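So the mapping is simple: my numbering equals the position in the sequence shown, first residue as 1, plus 29.
Built from N, CA and C at the ideal position, the CB exists for glycine as well.
These numbers were taken from a predicted model, which means no experiment stands behind them.
Below: one structure, written as structure tokens.
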Amino acid sequence: MTETGSSFSATQSYTLAIDGMGGDGGPEVVVAGLAIAADRHPSARILLIGDERRLQALLAQHPRAAAICTIRPAGSAISMEMKPTAALRVRDSSLRLSMDAVANGEAMGVVSAGNSGAMLALAKIVIKTLPGISRPAMAAISPTTKGDVVMLDLGANVACDWRNLVEFAVMGEAFAKAVLGLPAPTIGLLNVGSEELKGDERLRQAAEVLRGSPLARQFHGFVEGHDITAGTTDVVVTDGFTGNVALKTGEGALKMAFTLLRQVFSSGLLGRIGYLLVRPGLERMKEWLDPRRYNGAVFVGLNGVVVKSHGGTDAEGFASAVDVAIDMVTHDFNAGIRDQLSRMGSLTASRFSNEKEPTQAVSAS
């Protein structure tokens with residue numbers, strides 16, 4: 030379906046606005062992903078924004094996606110190389126129009142596989158941050174030996190103070206409730222050791238506030254790098270520099286492990302026999318660790334749901350990002366943040382008045 034006039038959108042409420050032009054695979058991957066998402070969420074209503082002719086042709090090939098989508102034409106697209114400052118000036122891009130739809134209340138969330146720096150800059154300017162949140166953060170889900178863990182920040186804020194870390198803890202707790210379905214997720218602050226005296230002053234201050242807050246029972250304390258994959262806590266909080274390094278290191282270690290396994294099992298006759306014996310277990314492990322299952326980083330702390338799909342993902346991965354966005358919309362993710370912030374406001378407000386916020390650096394992809 031294509032919009033036929035301005036009155037149409039005035040009465041229409043969309044579950045999500047989708048940037049149809051973002052990502053390495055472009056609209057082909059986006060529409061194929063929406064076809065998968067349509068099976069999982071048949072009641073969703075999607076505002077698909079981008080090149081009208083290309084999107085119409087693709088929806089004709091994917092009737093399941095067409096059943097839940099309405100096309101809104103966009104005059105341009107933001108390239109993966111475009112700087113955030115330049116992206117802010119392109120007002121007719123598919124990414125900008127997707128953000129506009131959330132800002133004006135037409136849609137409850139946005140999903141894009143496009144330029145992450147441009148996406149964060151546009152979200153902050155167009156959708157804006159929630160009251161009481163000084164900076165949005167990037168959060169995502171990763172696998173552990175016990176299940177899944179929420180990590181934030183993963184690159185939106187390289188330099189953070191203790192206030193930011195406390196806010197990240199609040200947002201991470203709400204994210205784990207909404208997406209993982211945990212009633213009381215545990216929280217850890219990533220540090221160089223688990224002892225109370227370890228780390229710098231901002232970490233110790235954040236820990237002190239959390240121990241005296243409504244989240245005290247859920248606050249585990251400091252955690253170390255190995256605790257991330259061990260699943261020691263349900264939420265791991267850190268600054269964007271450390272979080273991005275930890276994320277990329279984990280991804281690299283996983284790729285190395287699979288490369289070494291392939292080398293072992295292809296090294297000779299015994300290796301191939303060994304592979305046949307353990308193949309069922311390896312297939313289960315591969316499915317469990319499939320990065321497409323964990324696609325969909327979220328910019329939390331904004332006046333709307335904003336989900337960033339990996340630019341190089343396939344249709345299944347993009348559908349997973351849509352799943353995350355719909356989970357957050359369905360569970361009213363931001364209401365959880367607002368409620369927790371109101372409970373913590375009096376505790377933290379007096380600490381903020383005389384402190385200077387660190388210089389912000391944005392953003393890792």
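- For the options HIS255, GLY250 and LYS227, the alpha carbon positioned closest to that of THR174 is the one of HIS255.
- The Cβ atoms of ILE257 and VAL208 lie no closer than 8 Å to each other.
- Judged by beta-carbon spacing, LEU151 lies beyond the 8 Å limit of ALA198, meaning their Cβ atoms are not closer than that value.
- Going by DSSP, ASP343 is part of no alpha helix (DSSP H) at all; its letter is neither H nor E.
- For LEU117, there is no enclosing alpha helix (DSSP H), as DSSP marks it with neither H nor E.
- Comparing alpha-carbon positions, the option among LEU331, HIS360, THR342 and PHE347 lying closest to ALA166 turns out to be LEU331.
- Looking at the DSSP output, LYS337 bridges to SER141 and ALA326.
- ASP68 carries a helical assignment under DSSP once its states are collapsed to helix, strand and coil.
- The shortest C-alpha to C-alpha distance from MET50 to any of ASP352, ASP368, GLY341 and VAL358 is the one to GLY341.
- According to the DSSP assignment, HIS249 belongs to no alpha helix (DSSP H) but to the beta strand (DSSP E) extending over 248-252.
- A straight line joining the alpha-carbon of VAL119 with that of LEU87 spans about 25 Å.
- LEU76 is positioned such that its CB atom lies no closer than 8 Å to that of LEU84.
- Counting along the chain, no alpha helix (DSSP H) covers MET50, and no H or E run does either.
- DSSP lists PHE248 and VAL264 as the bridge partner or partners of ILE216.
- Ranked by Cα distance from ARG101, the options ASP129, PRO113 and LYS112 are led by ASP129.
- Assigned with DSSP and collapsed to three states, PRO243 falls in coil, not helix or strand.
- The Cβ atoms of VAL265 and PRO214 do not sit closer than 8 Å to each other.
- The distance from the Cβ of GLY269 to that of ALA185 is about 5 Å, consistent with a contact at the 8 Å cut-off.
- No residue range can be given for VAL187, since it is assigned to no beta strand (DSSP E) and is classified by DSSP as neither H nor E.
- For the pair ASN144 and ILE107, the CB atoms are nearer than the 8 Å cut-off.
- DSSP, read as helix, strand or coil, puts ALA169 in strand.
- VAL221: not part of any alpha helix (DSSP H); DSSP gives it neither H nor E.
- Per DSSP, the beta-bridge partners of ILE78 are ASP48 and ARG101.
- In the DSSP annotation of this structure, ASP129 is not part of any beta strand (DSSP E); the continuous alpha helix (DSSP H) holding it starts and ends at 123-132.
- Under the DSSP assignment, VAL274 falls outside any beta strand (DSSP E), being part of the alpha helix (DSSP H) whose first and last residues are 269-294.
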